[in-house]
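Peer 1: Have a look at this one before I ask anything.
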Amino acid sequence: MRWQRSVLALCVAVLVGASFLHAPAARAALGSQSAPKLLNLWFDWQITDADVEQLSKWDAVVVDMDQQARYTDRIRALKKKNPNIKILAYISASNIAAARFVEETHFPGYKLAQAIPESWFLHRGKERVGFWSGAWLLNAADTAPRDASGRRWIDFFPQFVSDELWSSGLWDGIFLDDALPGPTWFVGSGLDVDGDGKADPDADVNAAWKRGWKAMAQGLRAKLGASAILVGNGSAEYASVLNGVLFEDFPKYGWAEGFKNYQNSIASNTKPSFTAINSNANNTSNPSSYREMRLGLGSAMLGDGYYSFDYGNQDHGQTWWYDEYDAKLGNPIGAPRLMLPEGKTGTIDGVWWRDYEKGAVVVNSLSSSQRLSLPAVYERIRGTQDAAVNSGRAETEITLQSRDALLLYRRTEASTLSRSTSYINGSLFRVYRVDGTQLRSAFVAQRSDVSGGIPVLSHDLDADGKQDLVSANQGMVTIVYGNGKRSSFRPFGVAFKGAMSLAVGHADRDAQLEIIVGRDGASTVRVMESNGTQQASWQAYGANFKGGTSVGIGDLDGDGKREIVTGAGPTGGPHVRIFKTDGSAWGGSFFAFDAKERGGVHVAVGDIDGDGKDEIVTGSGQGTVPRVRIFNGKGELRREFTLDNTLSTRGVGITLADIDSDNGLDILASGLRITP
Amino acid sequence: MWFQRRSHSVSSRVFIQGMMAGFGFARVFTGPIRAHYERAYKRVRRLARIVFLLDAALMIVVVCLALLIVSLVIRPVSAPDIDVQFDTPDIAAAAPTPVTIRLRSTSDDSHSFVRLRWRLPSGVQILDASAPFDAQGLISVGELPAHGERVIHAVIRAFHPEGSPLTFSFYVETSDRAWGTRIYGADAIRVVRGSAVTVDLPEGADVPCASREGAVLPLRIRNITAQMIPSVELRPLEASSSTLERIVLGNISPHETRFVFVPIVASADGLAHLDWELFATSRSLQTGSWSVQTVDWNEGDIESPLIAQPDVPAEVRVRHVAASSSLLAVLPSSDELFFAPILSSASSIELPSSGFASSTHQRWMTAIVSDRDGKMCLGPATFGVFRSVFPFRQRIQYTSESGDQIGAGPIPFVVGEETRMWVLWHIGPIDSALQSIHVSARLPNGVTATGNVMAPDGGSWKTADRIIEWNLPRMDTDAPEALFGFEIAVRPSEASSTMPLIGEAFVDGVDASTETMLRVRAPALGAEDIDK
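Protein chains in written order, with this note's numbering: chain A, 25 to 700; chain B, 102 to 633.
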């Protein structure tokens with residue numbers, strides 16, 4: 025008995041261990057480093073667990089270097105939560121705050137402060153100078169006095185960063201505050217940069233400073249290596265020796281000038297570029313400064329940089345999140361172009377436009393509102409914060425307020441539906457998130473290369489990286505491959521000319537996807553290879569049932585094997601059944617809606633919540649109130665929502681597709697009344 | 102044993118004596134228990150006291166549970182301080198019926214957080230209510246002041262046959278600070294009287310005899326309410342010898358009258374029996390029966406056009422007809438039967454024109470009614486088809502019926518700016534197959550087709566020219582509606598109160614059963630016709 029108990033315990037341990045090893049498929053990798061690329065200047069002295077949760081939504085975060093000692097685990101947790109996030113250590117490259125001197129002795133800031141001899145401070149006469157209250161400037165000139173070891177500040181600094189910060193392995197880069205073009209702009213004249221006791225001319229001071237700062241940056245690169253992200257805050261002067269420059273308080277010095285500097289910085293950065301724009305609520309706790317936020321975000325997206333929006337330069341450290349941040353416009357296409365005033369060129373104030381794969385960004389930097397004709401129908405994003413602007417409406421013209429910007433989606437089209445379950449060509453779809461909130465405005469999914477009114481889907485059947493088109497018309501299944509080839513077959517014989525339903529998925533272990541077909545007039549379901557070879561066939565419902573079936577395929581329990589789901593057609597109840605790919609029963613069956621209804625049910629299968637298991641999404645049948653219900657593989661209801669109060673004569677058709685490019689499936693529902 | 106000790110004080114002696122008396126009294130009642138203990142525990146068990154105490158505790162728990170269960174099973178009774186009154190006029194099956202629920206407080210205290218839970222019998226739906234019900238049938242009434250009243254109005258509809266008793270149960274919950282949560286219950290029973298959906302034989306068709314061959318009974322089904330009655334069916338009465346087959350009528354529109362034609366089949370005894378049951382939403386509303394003597398028919402026959410046109414009187418020819426006969430006609434546009442005297446053995450009778458725009462039932466019936474030995478007899482039926490204009494609509498929509506924006510751009514139009522909207526062609530519902538359907542319309546100047554189309558029912562189309570066309574090979578009655586849409590764009594160059602957007606639409610189709618070519622038109626539309 026003892027050995028049997030041991031075996032049982034071992035089995036349990038293996039199963040438990042396996043459950044932890046199984047990683048559910050992520051709905052979308054956080055921090056995709058695609059537009060909009062978001063930066064958070066988190067200069068709060070705390071990082072709580074809640075902050076980690078919020079900060080993980082950003083693409084890049086800058087935190088003070090002392091957090092390395094204070095919140096080591098939270099920085100690691102942030103990285104674990106979002107493996108794509110870039111975390112940069114904040115350190116001033118030419119300033120030291122008095123507070124650093126009284127910190128914990130094991131903090132990097134304290135160690136830095138203690139290592140600075142008097143000769144490294146910048147002086148006017150014998151007095152240290154600084155432009156921030158409670159902080160002093162350090163002498164970054166290449167003519168600065170040396171310490172007893174013969175080092176200048178610009179020699180020490182890279183070594184310190186390498187030894188104390190980079191060696192921790194916590195950081196992806198260093199954020200160098202106070203990348204000043206020259207100290208006299210900030211503290212005035214009369215500075216003694218070479219320590220000879222005499223004031224030096226401003227031009228010499230600034231020139232020495234620039235040389236020294238550049239040398240310091242180059243020394244830092246040499247120490248940290250090419251993978252380190254080095255970003256400077258203050259001046260575009262050093263853009264070429266850094267990965268990026270932060271333009272804080274944009275567009276404080278004028279939009280055109282600021283944008284030009286932003287673009288020039290990106291062009292000259294050491295690659296990969298990490299230039300960023302920071303705009304703010306003018307040092308007020310007003311997260312509802314939507315127009316200011318939009319102007320900055322839109323300007324950043326006209327280029328390829330990062331964007332940060334917060335309280336202001338007196339307090340960086342908010343996790344304000346905006347509807348625009350969730351907009352997934354894809355990758356930019358081409359350079360930004362000036363739309364208004366017409367006939368002008370150069371980086372001037374005006375209305376600017378940049379195309380993206382799924383939409384566009386438009387910025388009005390003028391001091392008056394502007395009306396713009398759009399090159400096609402675009403859709404405003406659907407938001408709740410500034411609903412008057414982000415109304416979700418489709419537009420052919422827009423009026424942009426002064427100093428404002430808009431993110432626009434290109435109207436969804438059938439040709440952009442990839443990796444979708446099947447849909448009836450010509451349907452009017454609404455797009456929903458899994459929680460039943462509407463994601464996008466309704467659109468007509470009509471492909472011109474396929475007949476109207478027939479099921480069609482787009483998927484990569486042959487794993488060649490190209491989308492293939494599968495459609496079913498009058499009993500014939502036709503596949504048009506992305507490589508141009510075509511094939512067709514009649515899964516129900518030459519005599520059958522009726523309607524069919526389609527799904528594609530792995531019914532076996534080969535690389536090619538199989539095609540699952542249902543038909544009207546009977547409840548036969550067939551699994552077909554793409555060459556027309558039948559793999560399996562069975563009756564999903566009684567032999568006398570003439571209402572037809574809808575079909576779906578997916579992995580309902582996450583075990584790697586697919587199941588086939590059927591929904592009874594009109595005249596049947598909303599009966600859902602689940603089968604293995606050979607037609608044998610799997611699990612139980614259930615009624616998706618009231619069993620007394622006789623309008624049938626439509627099914628689609630896909631992982632809509634990113635848990636690694638596919639869900640069964642059902643649409644109510646003909647003549648009923650249009651509803652969507654989502655079930656797990658056990659037939660347990662997970663969510664439901666009602667689409668409208670008016671009865672749907674066609675019933676609700678369900679298609680799953682990734683509309684917003686977040687690697688998750690969204691729910692497309694058709695069957696709502698178009699005409700009275 | 103402590104109370105047997107002597108005490109020197111008078112008061113303590115009185116106290117002790119009183120305690121002894123009290124305990125003695127109590128000992129009378131505990132006597133049987135003590136005897137049971139002596140008998141069943143002390144002499145039998147080890148640790149008798151402990152076992153006895155455990156058993157006693159268990160017994161107490163069981164008794165408490167039993168009391169709890171009983172209290173849950175027993176329905177709460179009306180408390181004297183909230184009165185629930187339910188008023189309703191006579192309830193007719195399938196008819197909207199107003200109901201009033203009154204809550205009256207008879208106490209001097211107000212009641213807070215009053216909630217009314219209304220348990221409806223199955224087959225009863227709420228059409229309207231003055232306060233919203235949640236999914237569990239709960240209405241939040243709020244505060245009920247001392248001696249105050251709250252009234253809730255609702256409109257219900259019961260799908261139950263005449264004579265059915267309906268029990269409406271009410272539960273009133275309150276959560277008062279002083280009283281806590283209390284539940285009151287009340288029942289109201291109402292009997293269904295009559296039906297708003299009726300089936301009968303109209304006057305003139307209710308004859309005592311009928312032809313043994315080919316006679317048809319025109320049963321009339323009427324919805325006398327202003328509500329649509331869903332899912333109406335006529336079925337043979339169970340366990341009857343009725344020859345009726347199940348007839349699915351679908352939804353009966355408000356105030357609609359429909360005729361169903363039921364063939365009369367003679368049984369061996371020469372009688373024809375018809376027993377029917379009327380259903381709505383799968384619930385029985387009414388039953389009826391009819392029987393008639395069948396006879397051999399030789400009183401004449403009817404030659405009528407198979408196809409009649411709308412708004413055009415149809416002519417029916419009769420021949421070999423005996424004197425004192427009448428022609429009976431059941432026309433889809435009329436609630437009553439049409440009778441015309443037949444004046445000669447061979448004559449033509451003009452039927453009134455249909456005068457209806459569209460109807461889902463376009464069959465019409467004629468029969469001769471003759472006097473045979475003093476009894477009126479119904480002859481064999483002849484059917485025709487009103488191949489009327491099948492329903493077709495041309496609309497311009499910026500928003501779908503469900504509220505989705507399908508257009509784009511400014512609405513109303515703005516000079517110099519583009520607005521897009523959809524022209525939608527909707528055919529049906531049809532009740533007879535159509536084929537070779539062709540729809541066309543011309544775009545006025547200033548209007549362009551963007552090339553975007555919506556064809557969820559298939560077909561082929563052309564939108565490149567100024568004439569837009571849609572071809573649909575066939576429509577069958579199992580998919581009786583078809584939709585096609587195409588997007589148009591306008592960019593007005595000047596302000597105007599009107600702007601033509603689409604010309605008159607022409608639809609040609611062929612009735613599949615009669616191969617008759619039919620043409621329907623829909624008027625041209627302008628900016629003022631946009632369905633926003």
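Beta carbons are placed, not taken as given, at the ideal position from N, Cα and C, and that holds for glycine.
Comparing C-alpha positions only, which one of Ala-84/A, Leu-692/A, His-147/A, Asp-684/A sits nearest to Arg-434/A?
Peer 2: Cα-wise, what sits closest to Arg-434/A is Asp-684/A.
Peer 1: Ignoring anything shorter than 3 residues, give me the beta strand (DSSP E) runs that lie fully in the segment 579 to 630 of chain B, in order along the chain.
Peer 2: Runs found: 583 to 591, 601 to 603, 606 to 612, 617 to 623.
Peer 1: Of all the CB atoms in chain B, is at least one closer than 8 Å to the CB of Val-649/A?
Peer 2: So no, Val-649/A is outside the interface.
Peer 1: Check whether chain B comes within 8 Å of Ala-725/A, counting only Cβ atoms and requiring the distance to be less than that.
Peer 2: Past the boundaries of the shown model lies residue 725/A; chain A is included only from 25 to 700, so the question cannot be answered.
Peer 1: Could one say the Cβ of Ser-574/A lies closer than 8 Å to chain B's Cβ atoms, at least one of them?
Peer 2: So, not an interface residue.
Peer 1: Chain A beta carbons: is any one of them nearer than 8 Å to that of Ala-625/B?
Peer 2: Taking Cβ atoms only, chain A never reaches closer than 8 Å to Ala-625/B, which makes this a no.
Peer 1: Identify the residues that DSSP records as bridge partners of Pro-199/B: which are they?
Peer 2: Answer is Val-256/B.
Peer 1: Return the residues of the segment 495 to 512 of chain B that lie within a Cβ-Cβ distance of less than 9 Å from chain A, sorted by chain order.
Peer 2: For the segment 495 to 512 of chain B, which is checked against every Cβ of chain A, the residues closer than 9 Å are Arg-496, Gln-498, Ser-501, Glu-502, Ser-503, Gly-504, Asp-505, Gln-506, Ile-507, Gly-508, Ala-509, Gly-510, Pro-511.
Peer 1: How about Lys-105/A and Ser-143/A: do their beta carbons lie closer than 8 Å?
Peer 2: Taking 8 Å as the Cβ cut-off, Lys-105/A and Ser-143/A do not qualify as a contacting pair.
Peer 1: Look up Pro-133/B in the DSSP assignment and say whether it is helix, strand or coil.
Peer 2: The answer is helix: DSSP assigns Pro-133/B an H, G or I state.
Peer 1: If you run the structure through DSSP and keep just helix, strand and coil, what is Arg-150/B?
Peer 2: It is helical.
Peer 1: Could you name the residues of the same chain whose beta carbon sits closer than 7 Å to that of Thr-268/B, not counting the 5 residues immediately before and after it, in chain order?
Peer 2: Pro-222, Asp-288, Ile-290, listed in sequence order.
Peer 1: How do the segment 83 to 100 of chain A and the segment 160 to 178 of chain A stand: do at least 3 beta-carbon pairs fall below 8 Å, yes or no?
Peer 2: Segments in contact, no.
Peer 1: Rounded to a whole number of angstroms, what is the C-alpha to C-alpha distance between Leu-432/B and Asp-301/B?
Peer 2: If you take the alpha carbons of Leu-432/B and Asp-301/B, they lie about 16 Å apart.
Peer 1: Nearest-angstrom Cα distance between Gly-659/A and Gly-643/A?
Peer 2: Straight-line Cα distance between these residues: approximately 14 Å.
Peer 1: Could you spell out where the beta strand (DSSP E) holding Leu-321/A opens and where it closes?
Peer 2: Looking at the DSSP string, Leu-321/A is not in any beta strand (DSSP E); the run it does join, the alpha helix (DSSP H), is 314 to 326.
Peer 1: What in chain A is Cβ-close to His-527/B, meaning under 7 Å?
Peer 2: Residues of chain A passing the Cβ test: Thr-699.
Peer 1: Looking at the unbroken beta strand (DSSP E) that takes in Trp-177/A, where does it start and where does it end?
Peer 2: Segment 177 to 184 is the alpha helix (DSSP H) holding Trp-177/A; no beta strand (DSSP E) there.
Peer 1: Among residues of its own chain, excluding the 5 on either side of His-7/A, which ones have a beta-carbon nearer than 6 Å to its beta-carbon?
Peer 2: For residue 7/A there is no data in the structure shown, the boundaries of chain A being 25 and 700.
Peer 1: Around the C-beta of Met-522/B, are 16 or more other C-beta atoms found within 10 angstroms, so that it is buried, or is it exposed?
Peer 2: Label assigned to Met-522/B: buried.
Peer 1: Would you mind working out which of Asp-682/A, Ala-84/A, Leu-661/A, Ala-523/A sits nearest Tyr-331/A, comparing C-alpha positions?
Peer 2: Of Asp-682/A, Ala-84/A, Leu-661/A, Ala-523/A, the residue nearest in Cα terms is Ala-84/A.
Peer 1: In chain A, what lies closer than 8 Å to Asn-553/B by C-beta?
Peer 2: By Cβ distance, chain A contributes Val-468, Gln-470.
Peer 1: Cβ of Ala-468/B within 8 Å of Cβ of Ala-373/B?
Peer 2: Not in contact: Ala-468/B and Ala-373/B (Cβ atoms no closer than 8 Å).
Peer 1: Go to Lys-110/A, then tell me how far its beta strand (DSSP E) extends in each direction, as first and last residue.
Peer 2: From DSSP, the beta strand (DSSP E) with Lys-110/A extends over 110 to 116.
Peer 1: Examine chain B for any beta-carbon lying closer than 8 Å to the beta-carbon of Val-401/A, and answer yes or no.
Peer 2: Val-401/A counts as touching chain B.
Peer 1: Are Gly-586/B and Leu-535/B closer than 8 Å when you measure CB to CB?
Peer 2: The answer is no: Cβ separation not under 8 Å.
Peer 1: Between which two residues does the alpha helix (DSSP H) containing Ile-290/A stretch?
Peer 2: That run of the alpha helix (DSSP H) goes 279 to 292.
Peer 1: Which residue from Ser-297/A, Arg-94/A, Ala-223/A puts its Cα closest to that of Gly-149/A?
Peer 2: Of the candidates Ser-297/A, Arg-94/A, Ala-223/A, the one whose C-alpha sits nearest the C-alpha of Gly-149/A is Ala-223/A.
Peer 1: Any C-beta of chain A sitting closer than 8 Å to the C-beta of Ile-556/B?
Peer 2: Residue 556/B is actually Ala in this sequence, not Ile. Cβ-Cβ to chain A under 8 Å: yes for Ala-556/B.
Peer 1: For a test of the three-state rule: what should DSSP assign to Met-329/B, helix, strand or coil?
Peer 2: The answer is coil: DSSP assigns Met-329/B none of H, G, I, E or B.
Peer 1: Can you tell me which of the three DSSP states Asp-210/B falls into?
Peer 2: It is coil, neither helix nor strand.
Peer 1: Does DSSP put Phe-125/A in a helix, a strand or coil?
Peer 2: Residue state, collapsed to three classes: helix.
Peer 1: Determine the burial state of Glu-595/B: buried for a count of at least 16 other Cβ atoms within 10 Å of its Cβ, exposed for fewer.
Peer 2: The residue is exposed, with fewer than 16 neighbouring Cβ atoms inside 10 Å.
Peer 1: Considering only their Cβ atoms, is the gap separating Ala-625/B from Ile-603/B smaller than 8 Å?
Peer 2: Yes, they are a contact pair.
Peer 1: Does the separation of the CB atoms of Ile-691/A and Tyr-456/A fall below 8 Å?
Peer 2: Going by C-beta atoms, Ile-691/A is nearer than 8 Å to Tyr-456/A.
Peer 1: Could you check which residue in Thr-502/A, Gly-407/A, Gly-329/A, Thr-648/A has the C-alpha nearest to that of Ser-58/A?
Peer 2: The residue with the shortest Cα to Cα distance from Ser-58/A is Gly-329/A.
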